[in-house]
Ligand SMILES: [Zn+2]
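Numbering (full-length UniProt numbering), first residue to last: 1 to 216.
Printed below as a string of structure tokens:
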């Protein structure tokens, strides 16, 4: 596969189900996503989550319909598909309840991206824990009284720090398969018990709700 759908300096990534192919252009392989000199906690929280996101696309509501060779072919049994749909309905409702500019997000339009955001965060966090379990603890970052587990989540959230006009946000809600940045952060974090644990969020609080969605 020599042809890419993005140029090398692009700060983005993609998964193509018909080729079962993931692409990370050079542009995204730099700070704040990744830097060889950064602590691994920051790299896993940035680039690691992007990698997990693209990988999860292979198993989202659309990607799941393609097999390992990129052919449209049902390779799950019906019971698995029914269970999958049960879990994804939770995500549809969760994001459909989010509001910005007095408008609700469209939980169906954004489903695939939200599945990828949630699966990517969880996979990358556990990949980081796995790495940390076999390496010496990293030096703390000066001026921040945070553990590296907390820094992983901070790095993830910082990637989505952004600013937008109301018009651009309204257009995004109408047309974009991605949720607005704020919800790409609080959606996945509030579904992850590991996040609540590291930041001691009270059970039932906004970022540690009693009802959590989990697909992957
Ligand atoms: Zn995506």
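C-beta: ideal position from N, C-alpha, C; glycine also.
Judged by beta-carbon spacing, residue 95 lies within the 8 angstroms limit of residue 107, meaning their Cβ atoms are closer than that value. Apart from sequence neighbours up to five positions away, the residues of its chain that approach residue 13 with a beta-carbon distance below 6 angstroms are 24, 28, 50 and 54, ordered along the chain. Taking 8 angstroms as the cut-off, the beta carbon of residue 150 is found closer than this to the beta carbon of residue 199.
Rounded to the nearest whole angstrom, the C-alpha separation of residue 188 and residue 197 is 14 angstroms. Only residues of its own chain outside the window of five on either side were considered, and among them 56, 59, 115, 118, 119, 122 and 123 have a CB closer than 8 angstroms to the CB of residue 216, listed in chain order. When secondary structure is reduced to three states using DSSP, residue 138 falls in the coil class, being assigned neither helix nor strand. Taking 8 angstroms as the upper bound for CB-CB distance, residue 17 and residue 66 are in contact here, some 4 angstroms apart. Around ligand 1, the residues selected by a Cβ distance under 6 angstroms to any of its heavy atoms are 53, 57, 113 and 116, following chain order. Under the 10 Å beta carbon count, residue 38 is surrounded by 16 or more other beta carbons and is classified as buried.
CA-CA distance, residue 180 to residue 174, rounds to 11 angstroms. When the five nearest sequence neighbours on each side are left out, the beta carbons in the same chain lying within less than 8 angstroms of the beta carbon of residue 135 are those of 40, in order along the chain.
When secondary structure is reduced to three states using DSSP, residue 42 falls in the helix class. Residue 156 and residue 84 have their C-alpha atoms spaced approximately 26 angstroms apart. The beta carbon of residue 131 is closer than 8 angstroms to those of 40 and 44 in its chain, skipping five residues each way along the sequence. The beta carbon of residue 9 sits closer than 6 angstroms to those of 27, all from its chain and outside the five residues before and after it, given in chain order. The DSSP-derived three-state label of residue 56 is helix. By alpha-carbon distance to residue 209, the top candidate from 190, 194 and 195 is 190. Annotated three-state conformation of residue 126 is helix, per DSSP. Linking residue 73 to residue 138 through their CA atoms gives a straight-line distance of about 45 angstroms. The residues 105 and 183, in chain order, have a CB closer than 6 angstroms to that of residue 98 in the same chain once the five nearest residues on each side in sequence are set aside. Between residue 61 and residue 111, the CB-CB gap stays under 8 angstroms.
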